[in-house]
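*Asks:* In my numbering, the protein residues as written are 26 to 151.
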Amino acid sequence: MPGESTLGAAARRVLAHLLAMGRTRLQLAAVELELERRRWVRMWLQAILVLFAAFMAIGLGIAWVLWRVDPQLRATVAGSLALFFGLLSAVGVWCLLRESASRRPWLESTLSTLSKDEDALADRPT
């Protein structure tokens, strides 16, 4: 039957196109995951470096200030420094929370492409 071979060939072509679409979407997801991983590694390395430098600078700065201040005023100066760095930490936490709230979702390009594919398939008559 000649109709069956044509139907089988058409089914194979459709399946090949679906597999190609799936492979493309999977490659896009893999690229996005790799970019996210690199961004996270870079961010963590920067955060560790900044925290180390900040602790060293703050520790040495506090030691220097307390060493230079009159012994009767050391408690007042230490309390003022603690208040200042506490407020600075609160501002830092607020900035981090604001940044994390405005971050784009993971795999945004992949999800939008899959959404477009789903919309295109839903609009086709079956």
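Note that CB positions come from ideal geometry on N, CA and C, so glycine has one too.
#1: Start and end of the alpha helix (DSSP H) containing Val-116?
#2: Is the separation between the beta-carbon of Leu-139 and that of Glu-57 shorter than 8 angstroms?
#3: Under a three-way DSSP split, which group does Pro-130 fall into?
#4: Measuring alpha carbon to alpha carbon, tell me which residue in Trp-89, Ala-36, Gly-117 is nearest Val-75.
#5: Work out the CA separation of Arg-62 and Ala-42 for me, nearest whole Å.
#6: Whose C-alpha, out of Ala-36, Ala-35, Met-46, Ala-100, is nearest the C-alpha of Leu-146?
#7: For my contact list, Thr-135 and Leu-53 are in at a C-beta cut-off of 8 angstroms; report their separation, rounded to the angstrom.
#8: With Ile-83 and Phe-110 assumed to form a contact (beta carbons below 8 angstroms), what rounded beta-carbon distance in angstroms separates them?
*Replies:* Taking the definition as stated:
#1: Along the sequence shown, read from residue 1 onward, the residue named residue 116 stands at position 91. It spans 99-126 - the alpha helix (DSSP H) in which Val-116 sits, taken as one unbroken run.
#2: Stepping through the sequence shown from its first residue, residue 139 is reached at position 114. Stepping through the sequence shown from its first residue, residue 57 is reached at position 32. No.
#3: Counting from 1 along the sequence shown, the entry for residue 130 is found at position 105. Pro-130 falls in the coil class under three-state DSSP.
#4: Stepping through the sequence shown from its first residue, residue 75 is reached at position 50. Nearest of Trp-89, Ala-36, Gly-117 to Val-75, Cα basis: Gly-117.
#5: Residue mapping note: residue 42 aligns to position 17 of the sequence shown, counting from 1. Residue mapping note: residue 62 aligns to position 37 of the sequence shown, counting from 1. Residue identity check: residue 42 is His in the sequence provided, not Ala. The alpha-carbon atoms of His-42 and Arg-62 are separated by roughly 30 angstroms.
#6: Indexing the sequence shown from 1 puts residue 146 at position 121. The shortest Cα separation from Leu-146 among Ala-36, Ala-35, Met-46, Ala-100 belongs to Met-46.
#7: Translated into the one-based positions of the sequence shown, residue 135 becomes position 110. Translated into the one-based positions of the sequence shown, residue 53 becomes position 28. The Cβ separation is near 5 angstroms, so the contact holds.
#8: Translated into the one-based positions of the sequence shown, residue 83 becomes position 58. Translated into the one-based positions of the sequence shown, residue 110 becomes position 85. Their Cβ separation, rounded to whole angstroms, is 7 angstroms, which keeps Ile-83 and Phe-110 in contact under 8 angstroms.
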